[in-house]
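Residue numbers (my numbering), protein chains in the order written: chain A, 1 to 335; chain B, 1001 to 1852. Even glycine gets a Cβ: it sits at the ideal position worked out from N, Cα and C. Before any comments, here is the structure.
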């Protein structure tokens, strides 16, 4: 582990993320001059349409992208640590889809009784769904030690959840369909400050918890037996990993719908760049990397075919699937 | 400081109980090894000890604390582990892996302090990992990974180290490396090491304590020598009748078991064949009569003991030399001159010195003595070389792949071997071992021979049949050779006949073929006495193939009569024409090291002479060399008997030592021999019990530690003593006197006794017995004498005294005057031989030739 290199990469990721956030705020269907945007952000201009656009639409969306992207990448990193397998992530294991299904059910159920779902309830429902799928995956992983079986079964359960979600959507009221459809495709549009605060609190909490586990996770790299021998409480570690990663995935899904591949690709990318597997480095690195990638993808999603928005998952897939394939290729050849 | 690791009635298993009632105590500074077949629960036990598996019952203690009461972090700082399978952490350098060993000592976030880093660096340096420390763990070899993992465990600074097959998948270099490290940790850092191993040979060497696990329970625990008993190991692994010769020489296999198969399993091959080949065969296998001898004394047994001690390691070297001095003392008759003792002691002292020098080298080097013809004097030259090398402090063993002779020698284990190697072994100061002569052919008629492999009869074969079969013997021969090689510094190999019997050269296993296999330097010996020394040596060289000729490193002209300087010119010519160095011209030696008595029939002798001694031939008889002295007297017969009716009415009855007292005592009773002994006792016959025999004479023998059978047995009750088998083996030399002798033997009172004790039990005297041998080693009452001291009879004063007294009691007269001290005589002849060889040969040149 080269400390200088790691510190440099962390600093650069932070810088890149901030630049991307700024670019994201700068771009959109309403053209705004650079000076004005800078002025609004620095607080010298406090009114006008542009101020409202930036402050109430673009900024919360960018900040949400930072939290959700970071959270997603972190969730992927934790799952990879847990399963000791670099090709798992919340989306691949179906956790995101599970969360999506339960959110869809809640949304439609509540709407039928004329109630709107608030963000806390959304996260709660999402967490429930994530945990259900998680338990299924855990069950599979206990019974079948083969990693590809684990991934395949994750993808399968993901499909089932998506299928049910689609059916539910089919029978939903017309008025909800657009909303639901957009959400289930994955989108960061329509983020409000209230949502951002809730997700911010949750995700920062998860981040701190994850960071606190970094010593145990470091030991866990040598396998369960050795970790136990180093005094790690394995059961506690595993429970924590499951809870934190599920909460993160649930949080992301609740607010932005399922976002694919960030969870797999980013931790892997960061490992390759930092050339270490130390959780001490990778937890912040994954977070920052995930944030940067998501901000960038969100920016692409809404600007490429503006004013039409494409789903964020489509963009992340286009950019990140090659990374995953490259990784699989490298590993396959390495073996 | 911890007090090690201990289990109390521990039960282990996964879903169901696998092994119950495990009680192990591993002590700091020792290596405890678990052995047993696959699936017997070794790993399960280790996993239970590390806490990976939940125990099913019982307790595990670290020091005095129950492990289940300890916190994970507390255990982590006391117990570190190393498993078989290498882990696969991505993107970690070796240093980072080692650093994880410090985790138990770091704070909440696991950040290493400067102190931790220093410790890591020190461990890395100690284990020689500097070069790979910053390489990625996954990019180094398996062996290095295992070293890294061991360093990790060291870094954890544990008091207990648990290792699950740490050497699997490793090549021999890393095996040695890892094991050396483990041993060092145990010795220097006083760690408690507990590990599982599959390699029994390694387990035997490295362990201080062995736990043999089998189905359901721990089968045996103890020191390696206690556990590694062949029969037990075979049973443990379920290979009772399997031929495991393929594995080579496993140290736990008693050498004789490497032979073709068990008795009687081999079909007896008896084919007729053409006479010519038969004769040729006998010619090739020259007669060994020129140097036949027998009659071993105690010396051999002791030397073996000493050698074992020395080979244990250099740390025991000094102590073993001390013992050796005493043994040497003991082995010489008390009447011998003290200056001889001094010279022998000196020899061993020098030997120890040399050993330290040579102990680094693995295995012995070989020198082979080949002759231009039969009776060229190879055996004697080889014997002389053995003596010379041995006196120079090397561990020497003689070797001849195949002997043909009618008379053989029976080793203490009851195995047959050629006598020439026995003489050579005696010259080398070691106990004769069948491995020194793995193949023995005893001609049964003109065309066929009885084939004896590693001391056991394998069948009868015709010469042609044998010739075909010969090639298959190579593995047996080589396994014997390897065994000797591993335990010696120099092997002196003797060839047979001439190396250029061109029609018989194919598949040669006795001359150049063997030299090739053992990579031996060859010395060619010619016999000048029989004439034609130039054609003998130069012709032989000429007929050798180039490769073979290169093996010949020197020539010897043997049996020269007269003034050797007269042959200077001849030496020059030989060196010029043969392009080989002449190592020396050996004069015709008048050396008598032949024995009058054949040993083959020792156990078969039935003749009762004027004075008769009967020795009970117990199934596990040991140290029967104790009674050789009596055989020196012409009018005395020593008979070994197994049946009640064979005992007859001897003047003296001896119950000898045994390797398994309780078993043999039961055998004695089954055979009804006990009744006969008691009736002889009532008839006032003089009865001796030595070691195990002494224990049998007592009231009872109990075995609370399960050393032998684990039960107790009532003794013969002739002496009021009780024996308790103990875990500790007594193995000391003995210097004392006959304190008191009752009955008819009053005349030997106060005689000096020099001998040794090797036994497991302690015997306590209860009744009003007289102390027979001093220091409470033996007691007597009436005409019954028991003692632990081997070599008791060696003193001439004692054995002649006994004979005279008993003869007197039975109103016989036995002439003991002409009995020479055979042992001393033989020894002087050996020394004469060695002196002669040293004076006439370029010994320094021979050492150089061997690369020493």
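Under 6 Å Cβ to Cβ from residue 1748 of chain B, same chain only, skipping five residues before and after it: list those, please. 1738, 1741, 1798 and 1801
So residue 313 of chain A and residue 258 of chain A are supposed to be a Cβ contact under 8 Å. How far apart are they, rounded? 7 Å
How about residue 1203 of chain B and residue 1033 of chain B: are their beta carbons less than 7 Å apart? yes
Counting only C-beta atoms, is residue 1052 of chain B closer than 7 Å to chain A at any point? So, interface residue.
DSSP state of residue 3 of chain A mapped onto helix, strand, coil: helix
Given a cut-off of 7 Å, decide if residue 1617 of chain B and residue 1647 of chain B are closer than it, judged by their beta-carbon atoms. Between residue 1647 of chain B and residue 1617 of chain B, the C-beta spacing is not below 7 Å.
So is residue 1582 of chain B buried or exposed if we call it buried at 16+ other beta carbons inside 10 Å? buried
Closer than 8 Å is the cut-off here; do at least three beta carbon pairs connect the region 1152-1164 of chain B with the region 1076-1085 of chain B? Yes, the region 1152-1164 of chain B is in contact with the region 1076-1085 of chain B.
Under the rule that 16 or more other beta-carbon atoms within 10 Å means buried, what is residue 1511 of chain B, buried or exposed? buried
When you compare only the Cα positions, how much space is there between residue 1073 of chain B and residue 270 of chain A? 31 Å
Please check if any C-beta of chain B sits within less than 7 Å of the C-beta of residue 286 of chain A. no
Please list, in chain order, the chain A residues whose beta carbon lies closer than 8 Å to that of residue 1108 of chain B. 212 and 215
Determine the burial state of residue 116 of chain A: buried for a count of at least 16 other Cβ atoms within 10 Å of its Cβ, exposed for fewer. exposed
Run through DSSP, which three-state label would residue 1212 of chain B get? strand
Measuring CB to CB, does residue 1377 of chain B end up less than 7 Å from residue 1500 of chain B? Contact: no.
Residue nearest to residue 1654 of chain B in terms of C-alpha spacing, selected from B:1660, B:1666, B:1622 and B:1670: B:1622
Could you check whether the Cβ of residue 218 of chain A sits closer than 7 Å to any Cβ belonging to chain B? yes
By the three-class DSSP mapping on this structure, what secondary structure does residue 1144 of chain B have? Three-state DSSP puts residue 1144 of chain B in a helix.
Near residue 1657 of chain B, what residues of its chain come up, given a Cβ to Cβ distance below 6 Å and the 5 sequence neighbours on each side ignored? 1622, 1623, 1690, 1691 and 1692
Going by beta-carbon coordinates alone, are residue 1443 of chain B and residue 1424 of chain B separated by less than 7 Å? no
For residue 1571 of chain B, does the three-state DSSP call read helix, strand or coil? helix
Over the uninterrupted beta strand (DSSP E) stretch that includes residue 1763 of chain B, give me the two end residues. 1752-1765
Tell me the DSSP secondary structure of residue 1181 of chain B in three-state form. Annotated three-state conformation of residue 1181 of chain B is helix, per DSSP.
Residue 1773 of chain B in three-state terms, based on DSSP: strand
With 7 Å as the C-beta to C-beta threshold (strictly closer), list the residues of the region 1733-1764 of chain B near chain A in chain order. none
Mind checking if residue 230 of chain A is an interface residue toward chain B, Cβ cutoff 7 Å exclusive? yes
Counting only beta-carbon atoms, is residue 1492 of chain B nearer than 7 Å to chain A? no
Between the region 266-284 of chain A and chain B, which residues of the former have CB atoms less than 8 Å from a CB of the latter, in chain order? 271, 275, 276, 277, 278 and 280
Would you tell me roughly how many angstroms separate the C-alpha atoms of residue 1837 of chain B and residue 1495 of chain B, rounded to the nearest one? 18 Å
Suppose only complete runs of 3+ residues qualify. What are the beta strand (DSSP E) ranges in the region 1095-1174 of chain B, listed by chain order? With a minimum length of 3 residues, the continuous beta strand (DSSP E) runs that stay inside the region 1095-1174 of chain B are 1160-1164.
Please state whether DSSP places residue 58 of chain A in a helix, a strand or coil. helix
Beta-carbon proximity list for residue 141 of chain A, same chain, < 6 Å, skipping 5 on both sides: Closer than 6 Å at Cβ, skipping near neighbours: 150.
Chain B contact residues for residue 128 of chain A, given Cβ-Cβ distances below 9 Å: Simply none; closest approach about 31 Å.
Tell me the DSSP bridge mates of residue 1007 of chain B? B:1060
Give me the Cβ distance between residue 1103 of chain B and residue 230 of chain A, rounded to the nearest whole Å; I'm assuming they're in contact under 8 Å. 4 Å
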